[in-house]
Amino acid sequence: MPELVTKTIKLTAADEHQLDAYCACPAQPARHAVVVLQEALGVNAHIRSVVREYAMHGYLAIAPALFDRISPQVDVPYSDIPRAIELIRKMDNQQALLDIAAAIGSVSHVGPVGIVGYCWGGTLAYLAAAHLPVSAVASYYGGGLSEYLQHQPKCPMIFHFGEKDPYISLDSVNELKARYPLEQYYLYPAEHGFNCPDRPAYNAASAALSLQRSLAFFQTHLT
595 MPELVTKTIK LTAADEHQLD AYCACPAQPA RHAVVVLQEA LGVNAHIRSV VREYAMHGYL
655 AIAPALFDRI SPQVDVPYSD IPRAIELIRK MDNQQALLDI AAAIGSVSHV GPVGIVGYCW
715 GGTLAYLAAA HLPVSAVASY YGGGLSEYLQ HQPKCPMIFH FGEKDPYISL DSVNELKARY
775 PLEQYYLYPA EHGFNCPDRP AYNAASAALS LQRSLAFFQT HLT
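The numbering of the sequence shown is my numbering, which starts it at 595 and goes up by one.
Structure (C-alpha cells):
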C-alpha cells in the first residue's frame, strides 16, 4: 500500500461557517484533487476509506463534514437510517454547496478538481457540477435527481446506479438520461449503497467496476 498522509483540517466557508474535513494525500506530489461527498451518515469510516482510496491512486482527496452545520462530528450507524433522513431534512443544499466550495478551494492549488459523491452526496455532486468550479463529477446513486433537472451540469459527469435500488426508479434514471444524454450512465446488478462494505447491499463486483470507470473518467477529464 502506498504511503499516505492523512489528517483532519478546518475549512471556512464563504459565510464564515467552520467545518471539519478529512483529507489524504499520497507521499508523491498530487497533480489532481478529488472532493468526496458523504452519504447521509456523515464522514464515517466508509467515506474516510474512499478518501484514502483516491489518495492511493495519486489524488489529493478531501471529504468535508457537511453535517457540521447542524450536528458536528456526527457518525450515524447504518442501522439508524431514520436518523440520517432527519439530518438531511434539516440541511440546506445551498449551505452545503458553500461547504463543498470551501473544500474545492482548499485543494485547487494542485490542479483540476473532481468530485465523487454517494447517496445524498451523489445528489450534491450533481448540484456542484451545475454551480461550482469543478472539472469532472462522479455521482453514485444520488436520490431525487429528477427534481433538479433544471440545474444543468457545467462539466462532464458519470453516473452509477443500481438496477435493484428501491429508492431510485429506473424511470427517473431514464428521465435524467433523456435530459442530459451526453453524460456517462452505468447500471449495476445491485441495490442502493452497493459501494459501501458496511451496508448489507454491498456488491463487491459492482463497487470495483464503478471505481475502475470513475478513475478512468477522472483520468480523462482532470487534465
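Glycine is no exception: its CB is placed at the ideal position from the N, C-alpha and C atoms.
I need the straight-line Cα distance from residue i to residue j, nearest angstrom please.
{"i": "residue 787", "j": "residue 795", "result": "6 Å"}
{"i": "residue 791", "j": "residue 640", "result": "8 Å"}
{"i": "residue 837", "j": "residue 630", "result": "Nothing about residue 837 can be read from this structure; the chain reaches only from 595 to 817."}
{"i": "residue 708", "j": "residue 676", "result": "30 Å"}
{"i": "residue 776", "j": "residue 763", "result": "20 Å"}
{"i": "residue 757", "j": "residue 810", "result": "22 Å"}
{"i": "residue 689", "j": "residue 699", "result": "15 Å"}
{"i": "residue 693", "j": "residue 722", "result": "11 Å"}
{"i": "residue 626", "j": "residue 766", "result": "32 Å"}
{"i": "residue 559", "j": "residue 695", "result": "As shown, the chain starts at 595 and ends at 817. That puts residue 559 outside it, with no answer to give."}
{"i": "residue 800", "j": "residue 733", "result": "14 Å"}
{"i": "residue 730", "j": "residue 803", "result": "18 Å"}
{"i": "residue 537", "j": "residue 600", "result": "Summary: the structure shown does not reach residue 537, with the chain confined to residues 595 through 817, and so no result is reported for it."}
{"i": "residue 747", "j": "residue 656", "result": "22 Å"}
{"i": "residue 635", "j": "residue 785", "result": "17 Å"}
{"i": "residue 613", "j": "residue 687", "result": "15 Å"}
{"i": "residue 813", "j": "residue 628", "result": "11 Å"}
{"i": "residue 773", "j": "residue 743", "result": "7 Å"}
{"i": "residue 632", "j": "residue 768", "result": "25 Å"}
{"i": "residue 602", "j": "residue 615", "result": "5 Å"}
{"i": "residue 797", "j": "residue 711", "result": "17 Å"}
{"i": "residue 654", "j": "residue 643", "result": "14 Å"}
{"i": "residue 728", "j": "residue 604", "result": "21 Å"}
{"i": "residue 753", "j": "residue 610", "result": "32 Å"}
{"i": "residue 606", "j": "residue 749", "result": "25 Å"}
So who's on the other strand from residue i, going by DSSP bridges?
{"i": "residue 620", "result": "598"}
{"i": "residue 658", "result": "615"}
{"i": "residue 630", "result": "710"}
{"i": "residue 684", "result": "Paired residue(s): none; residue 684 is not in a bridge."}
{"i": "residue 696", "result": "Paired residues: none, contrary to the question."}
{"i": "residue 603", "result": "615"}
{"i": "residue 653", "result": "626"}
Start and end of the alpha helix (DSSP H) containing residue i?
{"i": "residue 648", "result": "639–650"}
{"i": "residue 801", "result": "798–815"}
Give me the Cβ distance between residue i and residue j, rounded to the nearest whole Å; I'm assuming they're in contact under 8 Å.
{"i": "residue 739", "j": "residue 691", "result": "Rounded, the Cβ-Cβ distance is 15 Å, inconsistent with contact."}
{"i": "residue 720", "j": "residue 736", "result": "6 Å"}
{"i": "residue 779", "j": "residue 771", "result": "5 Å"}
{"i": "residue 681", "j": "residue 702", "result": "With a Cβ gap of about 28 Å, residue 681 and residue 702 do not count as contacting."}
{"i": "residue 704", "j": "residue 624", "result": "5 Å"}
{"i": "residue 669", "j": "residue 638", "result": "5 Å"}
{"i": "residue 817", "j": "residue 706", "result": "7 Å"}
{"i": "residue 650", "j": "residue 718", "result": "Rounded, the Cβ-Cβ distance is 24 Å, inconsistent with contact."}
What residue range is occupied by the uninterrupted beta strand (DSSP E) comprising residue i?
{"i": "residue 734", "result": "730–734"}
Under 8 Å from any heavy atom of the ligand GDP, does the C-beta of residue i make it?
{"i": "residue 780", "result": "This structure lacks the ligand GDP, and indeed carries no ligand of any kind."}
Legend entry - Complete alpha helix (DSSP H) runs within the region 751–794 (minimum length 4 residues, chain order): 764–773
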